[in-house]
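In my numbering, the protein residues as written are 2 to 266. Glycine is no exception: its CB is placed at the ideal position from the N, C-alpha and C atoms.
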Ligand code: PTJ
């Protein structure tokens with residue numbers, strides 16, 4: 002056994018970065034089990050960096066986007082939640098619970114094709130209690146127009162009116178929009194192409210977003226379609242991204258002041 006395989010990843014709960022380390026290890030374990038692509042580790046690191054400059058909390062704009070996203074999920078006719086390796090490794094139970102709470106199917110859709118990955122992710126989702134898993138049977142797959150990457154291979158997404166894309170690389174949201182689909186993105190980078198193209202951009206860590214979506218879904222399920230439509234129609238994604246960027250600037254200014262107080266000593 003190499004020293005790397007020998008790590009037992011036991012982190013004391015008192016460690017100041019306990020949460021962050023816990024999720025890092027979920028990603029690493031996911032990579033060993035084929036659930037996460039190698040590049041998923043890099044994507045996670047990039048996410049951590051953005052989370053840091055957001056204060057590692059769900060901001061007010063993110064809460065607004067979550068509410069609009071849940072409203073959109075509840076009024077959509079053929080919605081689908083797209084699942085990739087990172088999401089399956091980080092929040093499988095929560096993702097399955099969200100699918101059940103809003104009665105929406107999950108579809109595995111991967112950027113990095115590798116033998117055994119779809120099966121590994123399906124297993125993780127099944128263990129978390131998922132019954133309705135799509136994107137696993139090649140005979141049911143079609144190719145999405147305007148997309149070159151492996152993400153072009155879809156099942157229910159082809160005819161969906163709304164697709165939720167948590168934690169995604171660049172060009173799919175653009176392709177989905179060109180096909181007139183509503184897109185909900187969860188992306189810690191408010192400037193990514195996914196974030197800028199989506200109808201509802203939740204700039205937050207998926208580990209906080211999904212539990213919050215489940216909580217909000219329990220409340221919004223009591224509203225009628227018209228009330229839900231109002232919430233969605235009154236949401237302004239452009240302003241919300243602007244507000245998020247303003248928060249980041251303010252937070253970094255504060256961090257700078259704190260840092261210079263320490264440096265001045
Ligand atoms: O499993 P696959 O093959 O479908 O591949 C999945 C990854 C994530 C590897 C693939 O989609 C990829 O390479 O994505 P990117 O281009 O690195 O983009 C991922 C985006 O998600 C970046 O903008 C990150 O900041 C963001 N991100 C990373 N971790 C989180 C996150 N957003 C929300 N929550 C996170 N935990």
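query                                                                                                                                                                       : result
Does DSSP classify residue 256 as helix, strand or coil?                                                                                                                    : helix
Roughly how many angstroms lie between the CA atoms of residue 5 and residue 206, to the nearest whole one?                                                                 : Since pLDDT at residue 5 reaches only 44, below the 50 mark, its modelled position is unreliable, and the value read off the structure follows with that caveat. Each residue's alpha carbon lies about 27 Å from the other.
What residues in its chain sit with their C-beta under 7 Å from that of residue 156, if we drop five residues either side in the sequence?                                  : 108, 135, 136, 141 and 142
Between residue 272 and residue 36, how many whole angstroms is the CB-CB distance? I'm expecting something under 8 Å.                                                      : What is shown of the chain runs 2 to 266, which leaves residue 272 out entirely.
For residue 119, collect the residues of the same chain with a Cβ closer than 6 Å to its Cβ; drop the 5 residues on either side in sequence, then sort them by chain order. : 109 and 137
With a cut-off of 8 Å, does the C-beta of residue 22 fall near any C-beta of chain D?                                                                                       : No chain D is part of this structure, which consists of one protein chain only.
Could you have a look at residue 13 and say whether DSSP puts it in helix, strand or coil?                                                                                  : coil
May I ask you to report which of helix, strand or coil DSSP gives residue 245?                                                                                              : helix
Just grab the DSSP bridge partners of residue 107 for me.                                                                                                                   : 82 and 134
Between residue 113 and the ligand PTJ, is the CB less than 7 Å from at least one heavy atom?                                                                               : yes
Say the cut is 7 Å; is the CB of residue 193 nearer than that to a heavy atom of the ligand PTJ?                                                                            : yes
Relative to the C-alpha of residue 196, which residue among 24, 133 and 63 is closest?                                                                                      : 63
Just reading off the alpha helix (DSSP H) that residue 73 is part of, what are its end residues?                                                                            : 61-76
Please determine, among 186, 58 and 177, the residue with the shortest C-alpha to C-alpha distance to residue 168.                                                          : 186
Just to confirm, are residue 147 and residue 129 a CB contact at a threshold of 8 Å?                                                                                        : no
Helix or strand or just coil, what does DSSP make of residue 163?                                                                                                           : strand
When the Cα of residue 98 is compared with those of 73, 211, 223 and 232, which residue comes out closest?                                                                  : 211
Going straight from the alpha carbon of residue 17 to that of residue 255, what length do you get?                                                                          : 20 Å
Mind checking whether the beta-carbon of residue 120 lies closer than 7 Å to any heavy atom of the ligand PTJ?                                                              : no
Excluding five sequence neighbours on each side, which residues of the same chain lie with their C-beta closer than 7 Å to the C-beta of residue 21?                        : 49
Starting from the Cα of residue 221, find the closest Cα among 259, 61 and 103 and give me that residue.                                                                    : 103
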